[in-house]
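Visitor: In this text, residue positions in the sequence shown follow this note's numbering: the first is 280, and each later residue adds one.
Would you mind keeping the following structure in view while I ask a few things?
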Amino acid sequence: MAEVVGTIEPQTSPAAEAQATTDGFHLVIDALKLNDIDTIFGLVGIPITDLARLAQAEGLRFIGFRHEQNAGNAAAIAGYMTKKPGICMTVSAPGFLNGLTALANATTNCFPMILISGSSEREIVDLQQGDYEEMDQLNAAKPYAKAAFRVLHAEDIGIGVARAIRAAVSGRPGGVYLDLPAKLLSQTIDAVKGKESLVKVIDAAPRQIPAPDSVARALDVLKSAKRPLILLGKGAAYAQADREIRELVERSGIPYLPMSMAKGLLPDTHEQSASAARSFVLAEADVVLLIGARLNWLLSHGKGKTWGAANGPKKFVQIDIAPTEIDSNVAIAAPVIGDIGSCVSALLGGIDASFPRPAAEWLDAIAEKKQKNLDKMAATLAKNPSPMNFHSALRAIRDVLKQHPDINLVNEGANTLDYARAVIDMYLPRKRFDSGTWGVMGIGMGFAVGAAVTSGKQVVAIEGDSAFGFSGMELETICRYNLPVCTVVFNNNGVYRGTDVNPTGGADVAPTVFVKNARYDRMIEAFGGIGYHVTTPDELTKALTESIASGKPTLINAVIDESAGTESGRLTNLNPQSAAMKK
Ligand SMILES: Cc1ncc(C[n+]2csc(CCOP(=O)(O)OP(=O)(O)O)c2C)c(N)n1
Ligand SMILES: [Mg+2]
């Protein structure tokens with residue numbers, strides 16, 4: 280263009296015009312950035328490939344997965360760890376549906392996440408004319424999400440993203456779906472107008488202060504207790520009110536039980552932990568303070584034998600952010616509604632030197648029960664059977680992890696989940712991520728990637744061989760991003776155990792059985808990771824120690840006695856039995 284030197288470029292040149300406009304792609308990324316979102320977990324394709332490229336070009340981290348469910352699980356756990364919505368981005372119809380499982384799981388577990396999916400043309404979808412990946416995604420998402428929104432005009436992207444963020448994290452957190460049609464992404468609008476349309480969300484999850492009379496009522500009920508108990512749920516861990524919760528437990532002197540993801544809120548070795556006497560305290564307590572724990576199936580709905588029905592009704596004090604949680608399963612004597620930090624602080628205001636300490640009789644009975652069970656567990660853990668069983672393998676892992684209290688632990692399986700939850704102590708809050716409210720299989724590698732990317736710290740994933748299979752291909756993702764994830768596969772040749780047989784004597788193996796002696800360690804080697812094959816606790820100790828020291832992607836194939844597990848782990852009672860087969 281040397282020949283035009285000295286001439287003034289006309290104001291309406293194509294270059295100037297391009298500068299003066301923006302489009303849907305840029306507005307989505309700008310809206311996320313404006314709200315301090317720094318990572319997207321996703322999987323590319325039509326129509327979001329350029330959105331992913333642009334995100335990376337604009338300085339966001341785009342972590343690409345091999346299946347959207349795992350990207351969604353990574354986003355969900357990032358949301359749980361940070362109280363900021365984790366973002367999952369997918370293509371339309373099948374990609375969206377793959378992500379929807381994770382969105383539903385996030386909503387069930389109260390993890391804040393946003394599933395952003397590209398979608399096909401509304402005009403064609405609504406007339407069912409057979410578009411590429413046609414689906415009415417917004418309506419499909421609605422029953423499984425806390426909220427679902429669609430944006431049709433580029434100037435509404437800012438509002439759409441803001442609504443999604445606020446819906447995900449305010450009140451009870453959950454999964455939000457944001458539908459972005461392909462046409463929206465390429466829509467152009469004036470750049471200044473576009474910039475002005477963006478919304479920075481102020482105070483996305485405002486504190487919710489409990490009513491003083493509800494606090495007074497709760498304190499009265501607590502003071503009336505003879506055998507009080509505190510139950511900490513993952514809502515308590517999510518709240519990041521760690522100091523206040525610890526102070527409440529310690530100042531009141533009340534024994535406490537953590538639900539699995541609340542482990543580590545106070546160290547599991549804390550003398551007030553009643554975990555080792557769980558059945559005893561649930562049955563015997565007369566007043567129970569629930570903090571961010573729901574009385575769902577995991578707590579036997581707050582009634583029946585587990586809760587000592589024969590001892591008469593319990594009195595519950597329940598702290599929850601959602602008023603509709605109250606009386607969901609049993610009558611609640613004293614609801615305290617608000618955010619957990621504010622509610623616990625308010626209760627602390629009434630727990631002074633005059634607050635009655637729990638009776639020594641109650642504490643002594645718990646201590647005695649605890650010691651008995653801990654001795655029993657120590658004897659079980661001390662055994663060295665060959666082949667190795669769940670307990671001897673977990674003893675080895677427990678002893679290594681004790682040296683690394685800040686490790687993130689992912690855990691799923693049946694026996695592998697139930698035994699690991701009981702044996703592996705947690706020392707810090709929000710370090711244990713597991714199958715959660717649904718008891719779902721498949722969160723493993725998604726949670727592992729999410730936890731590693733979010734914390735930048737080591738992850739150890741203790742996985743049943745069946746559980747691992749649901750997300751195993753993400754080993755490639757772990758290797759691609761060189762994440763410090765050590766996956767330990769408890770390989771007992773199957774679902775629950777590997778010893779079932781086909782009663783017909785036919786060639787097909789039983790429904791619960793896998794290929795015998797599979798070498799999961801070789802899977803990670805395909806992607807440049809390090810594989811270990813171990814058959815004894817000593818080998819497991821060595822492999823895990825080396826893995827953690829290396830900080831590299833590793834997988835330990837831990838061979839477990841194939842006859843050691845029980846059907847459904849500890850949930851045997853939930854299996855309906857065939858009357859015809861019992862004969
Ligand atoms: C999505 C999903 N599908 C199926 C199940 C049923 N299920 C519960 S545990 C489990 C696997 C248990 O086997 P494994 O992970 O090998 O653990 P083990 O008991 O052998 O240690 C399955 C398939 C589930 N919970 N979630
Ligand atoms: Mg198994």
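Just so it is clear, CB atoms sit at the ideal spot from N, CA and C, and this is done for glycine as well.
Measuring alpha carbon to alpha carbon, tell me which of Gly844, Pro790, Thr695, Ile444 ends up nearest Ala483.
Guide: The option with the nearest alpha carbon to Ala483 is Ile444.
Visitor: Going by DSSP, what residue range makes up the alpha helix (DSSP H) through Gly894?
Guide: There is simply no residue 894 to check, as the chain begins at 280 and stops at 862 in what is shown.
Visitor: Taking the CB atoms as reference points, tell me whether Ile600 and Gly617 lie closer together than 9 Å.
Guide: Result yes, Cβ atoms of Ile600 and Gly617 sit closer than 9 Å.
Visitor: So the candidates are Leu754, Pro684, Gly351; which of them puts its Cα closest to the Cα of Gly543?
Guide: The shortest Cα separation from Gly543 among Leu754, Pro684, Gly351 belongs to Pro684.
Visitor: Is Asn694 close to ligand 2? I mean its beta-carbon at under 8 Å from any heavy atom of the ligand.
Guide: Yes; taking the cut-off as 8 Å, the Cβ of Asn694 has a heavy atom of ligand 2 nearer than that.
Visitor: Have a look at Leu417, Thr361, Asp405, Glu402 and flag the residue whose alpha-carbon is nearest the alpha-carbon of Leu382.
Guide: Closest option to Leu382, Cα to Cα, is Leu417.
Visitor: Return yes when the Cβ of Ile619 is within less than 9 Å of the Cβ of Ala518, no when it is not.
Guide: Closer than 9 Å, so yes.
Visitor: Is any non-hydrogen atom of ligand 1 found closer than 8 Å to the C-beta of Arg798, if you look at the structure I gave you?
Guide: No, the beta carbon of Arg798 sits no closer than 8 Å to any heavy atom of ligand 1.
Visitor: Whose CA, out of Gly587, Gly581, Ile630, Ala589, lies closest to the CA of Asp606?
Guide: Measuring from the Cα of Asp606, the nearest candidate turns out to be Gly581.
Visitor: Classify Asn781: buried if its beta carbon has 16 or more other beta carbons within 10 angstroms, exposed otherwise.
Guide: The residue is exposed, with fewer than 16 neighbouring Cβ atoms inside 10 Å.
Visitor: Using beta-carbon positions only, say whether His812 and Ile839 come within less than 9 Å of one another.
Guide: Not closer than 9 Å, so no.
Visitor: Is it true that the stretch 496 to 505 meets the stretch 622 to 639, where meeting means three or more beta-carbon pairs spaced less than 8 Å apart?
Guide: Result yes; three or more Cβ-Cβ pairs closer than 8 Å.
Visitor: I'd like the list of long-range same chain contacts for Ala572, defined as Cβ closer than 6 Å, with 5 residues on each side in sequence excluded.
Guide: Once the five neighbours on either side are set aside, the close Cβ partners of Ala572 are Leu510, Gly512, Met538.
Visitor: Hey, is Phe320's beta-carbon within less than 9 Å of any beta-carbon in chain D?
Guide: You won't find chain D in this structure, because it holds only one protein chain.
Visitor: For Ala658 and Asp704, what's the separation of their Cα atoms in angstroms?
Guide: Cα to Cα, Ala658 sits roughly 17 Å from Asp704.
Visitor: Mind listing, in chain order, the continuous beta strand (DSSP E) runs of no fewer than 3 residues lying wholly within the stretch 579 to 612?
Guide: Fully enclosed beta strand (DSSP E) runs of 3 or longer: 594 to 599.
Visitor: Is any heavy atom in ligand 4 found nearer than 8 Å to the beta carbon of Arg801?
Guide: The ligand content of the structure shown is limited to ligand 1 and ligand 2, which means ligand 4 is not among them.
Visitor: Can you give the beta carbon distance from Pro491 to Leu508, rounded, assuming they're within the 8 Å contact cut?
Guide: The Cβ separation is near 25 Å, so there is no contact.
Visitor: Tell me which residues share the same chain as Leu313 and place their Cβ nearer than 6 Å to its Cβ, disregarding the 5 neighbours each side in the sequence.
Guide: Closer than 6 Å at the Cβ level, and outside the excluded window around Leu313, lie Leu477, Lys479.
Visitor: Using only the alpha-carbon positions, how far apart do Val440 and Pro602 sit?
Guide: Each residue's alpha carbon lies about 26 Å from the other.
Visitor: Output the residue ranges of the beta strand (DSSP E) runs that lie fully inside the stretch 640 to 709 and measure 3 residues or longer, sorted by chain position.
Guide: Segments of the beta strand (DSSP E) lying fully in the stretch 640 to 709: 687 to 691.
Visitor: Would you report the Cα separation of Asp744 and Phe769, rounded to the nearest angstrom?
Guide: Near 6 Å, if we compare the C-alpha coordinates of Phe769 and Asp744.
Visitor: Report all residues from its chain with a CB closer than 7 Å to the CB of Arg636; omit the five preceding and five following residues, and keep chain order.
Guide: Counting only Cβ-Cβ distances below 7 Å, and skipping sequence neighbours, we find Gly532.
Visitor: Three-state secondary structure (DSSP) at Val566?
Guide: Correct three-state label for Val566: strand.
Visitor: I'd like to confirm the pairing. Which residues does DSSP put opposite Arg711 in its beta bridges?
Guide: DSSP lists Leu688 as partners of Arg711.
Visitor: Is Met752 helix, strand or coil when you go by DSSP?
Guide: Correct three-state label for Met752: helix.
Visitor: Which partner residues of Leu834 appear in the DSSP bridge assignment?
Guide: BP columns for Leu834 point to Thr766, Gly810.
Visitor: Taking 8 Å as the cut-off, is the CB of Ser750 close to at least one heavy atom of ligand 1?
Guide: No; taking the cut-off as 8 Å, the Cβ of Ser750 has no heavy atom of ligand 1 nearer than that.
Visitor: What number of angstroms, rounded off, separates the C-alpha of Met752 from the C-alpha of Ile366?
Guide: One C-alpha to the other measures close to 21 Å.
Visitor: Under a three-way DSSP split, which group does Glu475 fall into?
Guide: Reduced to three states, the DSSP call for Glu475 is helix.
Visitor: From which residue to which residue does the alpha helix (DSSP H) around Leu498 run?
Guide: Residues 491 to 502.
Visitor: DSSP three-state call for Ala843: helix, strand or coil?
Guide: Ala843 falls in the coil class under three-state DSSP.
Visitor: In the DSSP output, which residue or residues are listed as bridge partners for Phe320?
Guide: Partner(s): Ile342, Cys367.
Visitor: Less than 8 Å between C-beta atoms, sequence neighbours within five positions excluded: which residues of the same chain meet that for Ala470?
Guide: Excluding sequence neighbours, Ala470 sits near Gln298, Ala299, Thr300, Thr301.
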